[in-house]
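Input: a single structure, listed below in structure tokens.
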Amino acid sequence: MSKNEREIIEKEGIDMDVLIKKLRKAGAAELLTYYYYTLLRYNLAGPDAESFKEITEDARLEDRCHFEILVQRIYELGGEFYPTLRELEEDTACGSPYLPKDRSAKSILKVLLDAERCAERVYHDLCKFTFGKDPITYDLSLAILHEEVEHEAWFEELLGIGPSGHFKRRFPGESPYTRKFRHIEKE
Amino acid sequence: MKKFTRKELARYNGKDGAPAYVACEGEVYDVSKSVLWRKGEHQATHNAGQDLTDSIKEAPHGPDLLKKFPLVGILEES
Ligand code: HEM
């Protein structure tokens with residue numbers, strides 16, 4: 001825990017219990033996304049399946065990174081992550097992106113898109129909650145938000161809603177915005 | 188349609204087995220079935236059993252998300 005950091009943030013007017021709850025919920029949603037995207041990716045089939053899988057894989061790996069940096073911040077602030085996966089799934093910020101009954105690529109992509117849209121809501125909230133008071137949580141929430149928005153745009157593009165406006169990653173799960181928070185990992 | 192006073196609404200706070208009702212723009216919805224309103228709590232910020240008309244203006248979504256839940260009554264003006 002970074003005791004002094006925690007005290008400064010509280011002095012700025014942040015309710016630490018609420019902040020930690022929000023971070024836990026966000027972390028839960030990211031881990032669940034990582035897990036369920038694995039299943040969704042396997043089920044993406046059809047003529048365009050390879051490119052769908054590739055994009056789902058980028059989003060999946062980046063969501064796992066989001067989970068890791070959120071957990072790191074929770075412990076830094078003196079909080080704890082869920083002791084069991086059951087508690088995690090019950091407390092998540094977003095509904096789980098289950099495999100839909102209709103397993104067509106279009107339905108699966110729609111589940112992926114909804115999950116990304118939910119995540120954007122979560123990080124907008126975290127940014128608003130921490131703005132001007134907790135610069136580190138704000139910074140990492142904003143970085144995650146950048147990546148979630150790109151994921152949303154990719155899935156929209158695949159669903160024919162409109163062009164995403166950017167390219168994919170240079171390598172799977174590159175995490176261009178959140179990479180700096182994972183300095184311990186090897187390139 | 189049932190009419191709720193604020194005091195009555197407060198009983199439906201999702202705690203101790205009570206259903207979770209939320210009022211918004213004069214309508215009362217039963218959100219007990221939502222995984223995002225477990226124990227009457229939403230996103231570590233909001234509680235069921237209340238009129239959340241003002242709070243939803245600050246939320247990252249609109250009141251449309253309530254429409255898929257059963258409408259159980261109307262909130263009486265106090
Ligand atoms: C800080 C304020 C709030 C935040 C951060 C927030 C966040 C969220 C998020 C992330 C979702 C999931 C949306 C999705 O799947 O795309 C959600 C769903 C929902 N929210 Fe909120 N919300 C807030 C305030 C409110 C308020 C004030 C109400 C009621 C008046 C409300 C009612 C709902 C409902 C009914 C759902 C749908 C639940 C479901 O589908 O099971 N929210 N909210």
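Chains as they are written, first to last, in this note's numbering: chain A, 1 to 187; chain B, 188 to 265. All residues carry an ideal CB built from backbone N, CA and C; glycine is no exception. Predicted model only: the values in this text are computed from it and were never measured.
Nearest-angstrom Cα separation, counted from residue j out to residue i
{"i": "His-151 of chain A", "j": "Asp-63 of chain A", "result": "10 Å"}
{"i": "Glu-89 of chain A", "j": "Gln-230 of chain B", "result": "14 Å"}
{"i": "Glu-263 of chain B", "j": "Asp-241 of chain B", "result": "16 Å"}
{"i": "Thr-56 of chain A", "j": "Ser-164 of chain A", "result": "14 Å"}
{"i": "Lys-106 of chain A", "j": "Ile-161 of chain A", "result": "12 Å"}
{"i": "Met-16 of chain A", "j": "Glu-68 of chain A", "result": "20 Å"}
{"i": "Gly-260 of chain B", "j": "Glu-212 of chain B", "result": "12 Å"}
{"i": "Tyr-138 of chain A", "j": "Thr-38 of chain A", "result": "29 Å"}
{"i": "Leu-158 of chain A", "j": "Leu-196 of chain B", "result": "44 Å"}
{"i": "Ile-9 of chain A", "j": "His-233 of chain B", "result": "22 Å"}
{"i": "Leu-98 of chain A", "j": "Val-111 of chain A", "result": "Sequence check: residue 98 of chain A is Tyr here, not Leu. If I take the Cα positions, the gap works out to 8 Å."}
{"i": "Leu-142 of chain A", "j": "Leu-126 of chain A", "result": "9 Å"}
{"i": "Met-1 of chain A", "j": "Tyr-35 of chain A", "result": "28 Å"}
{"i": "Ser-175 of chain A", "j": "Glu-54 of chain A", "result": "14 Å"}
{"i": "Lys-244 of chain B", "j": "Pro-250 of chain B", "result": "9 Å"}
{"i": "Leu-44 of chain A", "j": "Pro-100 of chain A", "result": "11 Å"}
{"i": "Thr-130 of chain A", "j": "Ser-96 of chain A", "result": "26 Å"}
{"i": "Ile-103 of chain A", "j": "Lys-128 of chain A", "result": "As written in the sequence, residue 103 of chain A is Arg, which differs from the Ile given in the question. For Arg-103 of chain A and Lys-128 of chain A, the distance between alpha carbons rounds to 37 Å."}
{"i": "His-166 of chain A", "j": "Lys-22 of chain A", "result": "30 Å"}
{"i": "Leu-109 of chain A", "j": "Phe-171 of chain A", "result": "21 Å"}
{"i": "Arg-6 of chain A", "j": "His-183 of chain A", "result": "22 Å"}
Chain-ordered chain B contacts of residue i [CB-CB under 8 Å]
{"i": "Gly-95 of chain A", "result": "Val-222, Leu-223"}
{"i": "Val-18 of chain A", "result": "Ala-231, Thr-232"}
{"i": "Lys-21 of chain A", "result": "Ala-231"}
{"i": "Glu-90 of chain A", "result": "Val-222, Arg-225"}
Neighbourhood of residue i by C-beta, 7 Å cutoff - its chain only, sequence neighbours within 5 removed
{"i": "Ala-227 of chain A", "result": "Because chain A in this structure spans residues 1 to 187, residue 227 of chain A falls outside the shown range and cannot be described."}
{"i": "Gly-173 of chain A", "result": "Asp-58, Leu-61, Glu-62, Cys-65"}
{"i": "Glu-148 of chain A", "result": "Glu-116, Ala-119, Glu-120, Tyr-123"}
{"i": "Ile-20 of chain A", "result": "Ile-74, Leu-77, Gly-79"}
{"i": "Gly-46 of chain A", "result": "Ala-105"}
Within chain B, partners of residue i - CB distance below 9 Å
{"i": "Lys-25 of chain A", "result": "Gln-230, Ala-231"}
Own chain partners of residue i with C-beta closer than 6 Å, once the 5 adjacent residues on each side are dropped
{"i": "Ala-207 of chain B", "result": "Gly-201, Val-218, Ser-219, Trp-224, Gly-227, Ala-235"}
{"i": "Val-215 of chain B", "result": "Phe-191, Tyr-208, Val-259, Gly-260, Leu-262"}
{"i": "Leu-204 of chain B", "result": "In the sequence under discussion, the amino acid at residue 204 of chain B is Gly, which differs from the Leu named in the question. For Gly-204 of chain B, where only same-chain residues beyond five positions count, there are no Cβ hits under 6 Å."}
{"i": "Leu-145 of chain A", "result": "Tyr-123"}
{"i": "Leu-253 of chain B", "result": "Cys-211, Tyr-216"}
{"i": "Ile-14 of chain A", "result": "Lys-133, Asp-134"}
{"i": "Arg-189 of chain B", "result": "In the sequence as presented, Arg is not what sits at residue 189 of chain B; that position holds Lys. These residues qualify, in order along the chain: Gly-260."}
Neighbour list for residue i in chain A, Cβ cutoff strictly below 7 Å
{"i": "Pro-206 of chain B", "result": "By Cβ distance, chain A contributes nothing, its closest Cβ being about 18 Å from Pro-206 of chain B, past 7 Å."}
{"i": "His-247 of chain B", "result": "The sequence given here has Pro at residue 247 of chain B, not His. Arg-121, His-124, Asp-125, listed in chain order."}
Spatial neighbours of residue i in its chain, beta-carbon cut-off 8 Å, leaving aside the 5 residues before and after
{"i": "Glu-156 of chain A", "result": "Leu-113, Gly-162, Ser-164"}
{"i": "Asp-238 of chain B", "result": "Arg-193, Leu-196, Ala-210, Cys-211, Leu-262"}
{"i": "Ala-49 of chain A", "result": "Ala-105"}
{"i": "Tyr-82 of chain A", "result": "Arg-24, Ala-28, Leu-88, Asp-91"}
{"i": "Leu-140 of chain A", "result": "Ile-69, Leu-70, Arg-73, Thr-178, Phe-181"}
{"i": "Pro-257 of chain B", "result": "Tyr-216, Asp-217"}
- Which runs of the beta strand (DSSP E) spanning at least 3 residues fall entirely within the region 222 to 260 of chain B, listed in chain order? none
- Task: Note down, one range per segment and in chain order, each alpha helix (DSSP H) of at least 4 residues found wholly within the region 86 to 111 of chain A.
- Result: none
- Along the chain, which unbroken stretches of the beta strand (DSSP E) at least 3 residues long are found entirely within the region 6 to 71 of chain A? none
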